[in-house]
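Under my numbering, the first residue of the sequence shown carries the number 551, and numbering increases by one thereafter. Report on the following structure.
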Amino acid sequence: MGIDGQKLEMLFIVPEARGKGYGKRLFQYGIENHDIHELAVNEQNPQAKGFYEHMGFQVYKRTERDEQGNPYPLLYMGLPHSLA
């Protein structure tokens, strides 16, 4: 897990550990201890998007390219209370 300020930069779980609650616990730790309230996820990764939605995050913005200018659409997500 990588965090920059209040933004989750990355969260990776090895395939054999997925579905066992590790990602949820790591993400909750980030929210509780680092006040994470925003992130960007590749639109072509519906599993990650679904995970973050399950954790209460909502899409508030979409871009056609990633932050390096590559043609990978990004979905910017945040907690509802931080989007107001």
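The beta-carbon is built from N, C-alpha and C at its ideal position, and this holds for glycine as well.
When DSSP labels each residue in this structure, what does residue i get in the three-state scheme?
i, result
"R575", "helix"
"K570", "coil"
List the DSSP bridge partners of residue i.
i, result
"V609", "M627"
"E588", "K557 and G628"
"G552", "M560"
Roughly how many whole angstroms lie between the Cα atoms of residue i and residue j?
i, j, result
"M605", "G552", "17 angstroms"
"L589", "D554", "10 angstroms"
"Y579", "I563", "15 angstroms"
"Y610", "E566", "31 angstroms"
Output yes or no for whether 8 angstroms exceeds the beta carbon distance between residue i and residue j.
i, j, result
"F607", "L629", "yes"
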